[in-house]
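**Student:**
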Amino acid sequence: MSHFAHLGPFSDFVDAARRSGPVCPLAPPGLETQRRVREALSFAPGPAEPQDVAVARAWQRDGINGQEISWWVGYGPRTRAWLLRPAGVTGRLPGVVALHDHGGFKYYGKEKIADGPDETPEMLRPFREVCYGGWAYANALAREGFAVLVPDAFLWGSRRFPWDLVSGGRRGECDAARHTAEQIAAYNADTAAHEHVVEKYCSVLGTTLAAVVSYEDRVAVGCLASREDVDGDALGCIGLSGGGARSALLQATCDRIRAAAIVGMMSTYEGLLDHNISCHTWMLFPQGWSRHGDWADLAACRAPSPLLVQYDREDGLFTMAGMEAAHHRLAAHYESVGHPENYVGRFYPGPHKFDLEMQGEAFAWLARHLRSSDVRERKHSWK
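Numbering (my numbering), first residue to last: 122 to 504.
1) Please report the distance separating the alpha-carbon of V271 from that of G216.
2) Against chain C, with Cβ distances strictly below 9 Å, would T440 count as a contact?
3) According to the neighbour-count rule (16 or more other Cβ atoms, all chains shown, within 10 Å of its Cβ), is L214 buried or exposed?
4) Would you check if there are 3 or more beta carbon pairs closer than 8 Å linking the segment 337-345 to the segment 154-171?
5) Quick one: residues in its chain with C-beta nearer than 6 Å to the C-beta of A297, no 5 flanking neighbours on either side, listed in chain order?
6) I need the straight-line Cα distance from S163 to T328, nearest angstrom please.
7) Pull up the distance between the alpha-carbon of L491 and that of N260, whole angstroms please.
8) Drop a sphere of 10 angstroms on the beta-carbon of E456, count the other beta-carbons inside from all chains shown, and report buried for 16 or more, exposed for fewer.
9) In this structure, does DSSP put F125 in helix, strand or coil?
10) Under the rule that 16 or more other beta-carbon atoms within 10 Å means buried, what is E320, buried or exposed?
11) Would you report the Cα separation of A488 and E160, rounded to the nearest angstrom?
12) Taking just the CA atoms, how far does A268 sit from D476?
13) Could you tell me whether the Cβ atoms of S368 and I383 are closer together than 9 Å?
14) Name the residue from D133, A307, M387, R249 whose alpha carbon lies nearest to the alpha carbon of V287.
15) On the DSSP letters alone, give me the boundaries of the beta strand (DSSP E) that I234 sits inside.
16) Please determine, among G363, W410, T211, V176, the residue with the shortest C-alpha to C-alpha distance to K233.
17) With distances taken between CB atoms, is the gap from V144 to R412 smaller than 9 Å?
18) Report the rounded CA-to-CA distance for L204 versus L128, giving the unit in angstroms.
19) What does DSSP give as the partner residue(s) for T200 in the beta ladder?
20) Find the nearest neighbour of S463 within the set R199, W180, Y253, A380, judged by alpha-carbon distance.
21) Might you give, ordered along the chain, the residues of its own chain that have their beta carbon closer than 8 Å to the beta carbon of A126, omitting 5 neighbours on each side?
22) Return yes when the Cβ of G385 is within less than 9 Å of the Cβ of H473, no when it is not.
23) According to the neighbour-count rule (16 or more other Cβ atoms, all chains shown, within 10 Å of its Cβ), is G392 buried or exposed?
24) What's the call for T200, buried or exposed, on a 16-neighbour Cβ count within 10 Å?
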């Protein structure tokens, strides 16, 4: 019997669970696995289209034309997003949904990866330095010739829960006009436990946090696809960490996505055992999915739809064995459908991050797949 430090005297629970039924069986790409993924991510209160889209303001700075837009998903506060385009460029552009990370940092969402009309909050600068090489990568991607939509996810930014509710009434709401770094850090700390509460509500209501986040991201894709200045047949998504989880979920559930990049969020579930399960978001663990397949199987269920996965060799959130096993599993899936070239897995030195080298290679990969002349033919053959 293996010993699991997290389980101690209950280490034999792992073997008991495996005897009770399949755990992470191989789920090959195709319609049946896609059906099971959608079942595990069941949440569809309406069509995945934005309601009551509005433009709040527009700006131009640093080679970018930006718009702040908002929409309603059918419940809760309005979702706010930034739409970024290269300045001086007219006509339809390929579109990318840039998905912010989890980061244990829910006070801000889109601001973590994008510059908007106002100055970047000072406390985000060191965060970006560690995670993104100091850049607002969504703006850099837009300057490469993409229309980039950066929405707040459920629980983050404009979609965050009020502080007094998250803290159980112990604190008053943190007014964004008067926030301090200390207040924001305290809010982020309180939301860690509150995510468990939200997941419990989701479970009681027949869904999961992963499903809700994925649904809202599909609504964002619908918003991007509906724009006249965007080529709705050339849409992709990209994200680091929790954003990588969101990218995997979008790749699995949204036929509009033609290319997806997952950064710093790929491992087998086996590779997480006794390593770092406790710190990961519920988005990585859709309830019941492991009875049908592994995380890599979910990400590859629409193969041969192009997929890039970038791994950090010293990523403390994962084991090297878990990342390598997922990489081989993904490669085998794309080989099995006759398009091994459509999966690219790259390993980089260093800790959990999406640095400038990785960004440059990811942007070039998206350009190859979203600007190619046969993107419309692929749309029909890979659905």
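From the three backbone atoms N, C-alpha and C, an ideal C-beta is built for every residue, glycine too.
Remember, it's a predicted structure, so these values are computed and weren't measured experimentally.
**Tutor:** On the basis of the supplied data:
1) 11 Å
2) Of the chains in the structure shown, none is chain C; there is only one protein chain.
3) buried
4) Flag = yes, the segment 337-345 and the segment 154-171 touch.
5) Residue placement at A297 is flagged as unreliable, the pLDDT there being 49, under the threshold of 50; a coordinate-derived value is accordingly withheld.
6) Between S163 and T328, the C-alpha separation is close to 6 Å.
7) 18 Å
8) exposed
9) coil
10) buried
11) Their backbone Cα atoms lie some 32 Å apart in a straight line.
12) Just so you know, the alpha carbons of D476 and A268 end up roughly 21 Å apart.
13) yes
14) A307
15) No beta strand (DSSP E) holds I234; DSSP gives it neither H nor E.
16) G363
17) yes
18) 46 Å
19) T200 is bridged to W192.
20) Note that residue 463 is Asn in the sequence shown, not Ser. Considering only alpha carbons, the answer is A380.
21) D395
22) yes
23) buried
24) buried
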